[in-house]
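S.K.: Top to bottom, those sequences are chains A and B. For the first sequence, the positions run 1 to 252 when the working numbering is used. For the second sequence, the positions run 253 to 372 when the working numbering is used. For each residue, glycine too, the CB sits at the ideal point set by N, CA and C. All of these numbers come straight from a predicted model, not from anything done at the bench. Questions regarding the structure given below will be posed in turn.
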Amino acid sequence: MKHSSDVNRLRVLSAALLLVSLSGIPKLEAADPIPRYGVTFGQQGNEVELQIVPARSGVGTSTMPAPDDPAVSSIVSPPATNATAIVPPKTGGTSVQLKSQAMAHYKEDGFEVSIDDIAGESFENDLSANGRLSLAILFDNDSRNVDLTDSLTLQTLNNILKLMKSQPALRIVVEGFVDYTGVKEYQALGQAPDGGQAASEARAYAVKKWLVDQGISSLRITSVGKGTRGTDGDSEEQRAKNRRVDIVKVTP
Amino acid sequence: MIELVVVLFILTLVAGAYFYIWRQQGRLSASDQDLAAYYASAAMFMDVFHADTRMARKIEPTAEGCIMEVMTAGGLSQVSYTLRGDVIERLAGGKTKVYTFGRPLREHAKMLFTVKELTP
């Protein structure tokens with residue numbers, strides 16, 4: 001008796017399920033498709049097209065020619081040393097001299113350099129207060145790469161990285177400097193014909209590259225070579241201060 | 253007399269060709285500079301625009317651009333992008349920022365800024 005009632009109950013349940021599935025009730029509401037937007041901006045013929053999704057990053061295409069494209073026909077003369085510039089550090093590239101709106105509040109030289117307390121706890125506060133910091137960063141012999149075996153260098157770079165990650169809107173300019181005496185020594189060996197400009201650019205670029213390699217957007221960092229600092233009779237301490245990299249906060 | 257005319261003719265041709273090459277070089281160099289400045293400006297604009305879209309909860313296309321509802325640290329706020337002539341204006345928190353893209357790279361090239369919802 002009990003067995004037959006269970007079978008009946010099962011039959012009723014199966015019939016109900018069958019009816020529900022055939023009638024399509026309750027219908028599940030299809031989820032709203034994620035809206036996508038096509039964005040076109042720029043001058044006609046050179047416009048940039050993007051596809052964006054709110055709250056997500058987008059992808060885009062543009063007709064910008066590569067540096068070795070035949071459309072880029074000449075090498076523009078290098079920028080003046082006192083100008084804010086985007087300078088590819090490799091020789092033979094296309095140098096572009098421009099001042100952008102983002103750089104409008106970019107601070108130039110003229111502050112007291114003190115390198116001792118850079119990697120300390122006041123790192124973030126110092127940058128906010130002064131808008132500029134000198135970094136204790138060592139480079140390898142040819143100045144092209146940061147010396148990651150030096151613990152203070154690594155600590156300093158990690159401090160910048162931490163700061164850039166904690167403040168996504170922060171933009172910086174990395175300035176490279178070389179000391180006058182060092183350049184003279186190189187020139188005696190037939191090197192550094194440009195007076196250390198390329199070396200200063202390479203130093204700034206090395207810091208930028210390290211940060212970009214760690215995941216910071218390259219658009220947030222501009223590297224600039226500022227050439228030589230100091231004079232012939234500088235002490236070793238003064239020379240060490242002149243061989244430096246500064247980061248400058250860009251105020252939007 | 254004929255020799256003199258021929259010499260003058262050849263000299264005119266050579267001078268003309270030299271002048272043409274010199275002028276073309278100058279023109280191409282300036283054009284490269286404009287091109288580079290244009291794309292650098294475009295990249296800077298795109299960086300800001302992307303940052304806004306990453307924070308956007310809603311995007312509303314308008315005739316001259318778009319309006320976004322963005323979630324910031326201070327709560328929900330509005331950012332609008334508007335095309336005005338050759339510049340794009342970004343208005344957020346009562347502050348306007350203008351993005352310029354330099355001289356037109358092509359003759360009579362208009363500045364464009366359109367935002368359209370794509371059909372799935």
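Using a Cβ-Cβ cut-off of less than 8 Å, list which residues of the region 287-302 of chain B approach chain A; keep chain order.
M.R.: So the close ones are LEU287, ALA288, ALA289, TYR290, TYR291, ALA292, SER293, ALA294, ALA295, MET296, PHE297, MET298, ASP299, PHE301 and HIS302.
S.K.: Using a Cβ-Cβ cutoff of 9 Å, what residues of the region 35-60 of chain A are near chain B? List them in chain order.
M.R.: Residues passing the 9 Å Cβ filter: PRO35, ARG36, TYR37, GLY38, VAL39, THR40, PHE41, GLY42, GLN43, GLN44, GLY45, ASN46, GLU47, VAL48, LEU50, GLN51, ILE52, VAL53, PRO54, ALA55, ARG56, SER57, GLY58 and GLY60.
S.K.: Round the Cβ separation of MET323 of chain B and ARG309 of chain B to the nearest angstrom and send it over; I've been treating them as touching at under 8 Å.
M.R.: Rounded, the Cβ-Cβ distance is 6 Å, consistent with contact.
S.K.: Take LYS349 of chain B and list the residues in its own chain whose beta-carbon comes closer than 6 Å to its own, dropping the five residues that flank it on each side.
M.R.: ARG342, listed in sequence order.
S.K.: What is the C-beta distance between TYR37 of chain A and GLU369 of chain B, in whole angstroms, given that I count them as a contact (C-beta under 8 Å)?
M.R.: About 6 Å separates the two Cβ atoms, so the contact holds.
S.K.: What number of angstroms, rounded off, separates the C-alpha of ALA269 of chain B from the C-alpha of GLN276 of chain B?
M.R.: Cα-Cα distance, rounded: 11 Å.
S.K.: DSSP puts ALA15 of chain A in a beta bridge; with which residues?
M.R.: BP columns for ALA15 of chain A are empty, so no partner.
S.K.: Hey, how far is the Cα of LEU161 of chain A from the Cα of LYS241 of chain A?
M.R.: Cα-Cα distance, rounded: 22 Å.
S.K.: With a threshold of 7 Å between beta carbons, is LEU343 of chain B in contact with chain A?
M.R.: Chain A, which has no Cβ nearer than 7 Å to the Cβ of LEU343 of chain B, makes this no.
S.K.: Answer yes or no: do GLN43 of chain A and LEU357 of chain B have a C-beta to C-beta separation smaller than 7 Å?
M.R.: Their beta carbons are under 7 Å apart, which means GLN43 of chain A touches LEU357 of chain B by this criterion.
S.K.: Can you grab the Cα-Cα spacing for the pair GLY327 of chain B / GLU321 of chain B, in whole Å?
M.R.: Whole-angstrom Cα-Cα distance: 10 Å.
S.K.: Closest to PHE139 of chain A by C-alpha separation, out of A:VAL245, A:SER4, A:VAL53 and A:PRO35, would be which residue?
M.R.: Looking at the Cα atoms, A:VAL245 is the closest of the given residues.
S.K.: Would you kindly report the start and end of the unbroken beta strand (DSSP E) that includes VAL367 of chain B?
M.R.: 363-370 is the span of the beta strand (DSSP E), which, as asked, contains VAL367 of chain B.
S.K.: Please list the terminal residues of the continuous alpha helix (DSSP H) segment that includes THR228 of chain A.
M.R.: Taken as a continuous stretch (DSSP letters only), THR228 of chain A belongs to no alpha helix (DSSP H), being part of the beta strand (DSSP E) at 221-229.
S.K.: Please confirm whether TYR333 of chain B and GLY345 of chain B have their CB atoms less than 7 Å apart.
M.R.: Not a contact, by the Cβ cut-off of 7 Å.
S.K.: Among A:GLY227, A:ARG243 and A:VAL248, which one has its Cα closest to the Cα of ASP234 of chain A?
M.R.: Residue A:ARG243 is the option with its Cα nearest to ASP234 of chain A.
S.K.: Step through the CB atoms of chain A and report whether any lies within less than 7 Å of the CB of LYS347 of chain B.
M.R.: So no, LYS347 of chain B is outside the interface.
S.K.: For ASN125 of chain A, does the count of other Cβ atoms within 10 angstroms reach 16, so buried, or fall short, so exposed?
M.R.: ASN125 of chain A is exposed by the Cβ-count criterion.
S.K.: What are the residues of the region 133-160 of chain A that lie near chain B, defined by any Cβ-Cβ distance shorter than 9 Å?
M.R.: Cβ contacts with chain B come from no residue of the region 133-160 of chain A.
S.K.: Can you check whether the CB of VAL174 of chain A is closer than 7 Å to the CB of SER128 of chain A?
M.R.: No, these two residues do not count as a Cβ contact at 7 Å.
S.K.: For ARG309 of chain B, go through chain A and note every residue whose CB falls closer than 8 Å to its CB, in chain order.
M.R.: Result: PRO54 and ALA55.
S.K.: Put TYR106 of chain A into one of helix, strand or coil per three-state DSSP.
M.R.: A caution first: TYR106 of chain A carries a pLDDT of 37, below 50, which makes its placement in the model too unreliable to give a value.
S.K.: Helix, strand or coil for SER77 of chain A per DSSP?
M.R.: For SER77 of chain A, the predicted model reports a pLDDT of 38, less than 50, meaning its position is unreliable; a value from the coordinates is still stated below. Three-state result, SER77 of chain A: coil.
S.K.: Note the first and the last residue of the continuous beta strand (DSSP E) segment covering ILE311 of chain B.
M.R.: First-last of the beta strand (DSSP E) with ILE311 of chain B: 308-314.
S.K.: Taking PRO35 of chain A as the reference, give the member of B:ILE311, B:MET253 and B:LEU256 with the closest Cα.
M.R.: Among B:ILE311, B:MET253 and B:LEU256, the Cα nearest to that of PRO35 of chain A belongs to B:ILE311.
S.K.: Going by DSSP, what residue range makes up the alpha helix (DSSP H) through ASP213 of chain A?
M.R.: Looking at the DSSP string, the run of the alpha helix (DSSP H) that includes ASP213 of chain A is 197-213.
S.K.: Please name the residue, chosen from A:MET164, A:GLU236 and A:ARG203, that lies closest to LYS249 of chain A on a Cα-to-Cα basis.
M.R.: Among A:MET164, A:GLU236 and A:ARG203, the Cα nearest to that of LYS249 of chain A belongs to A:MET164.
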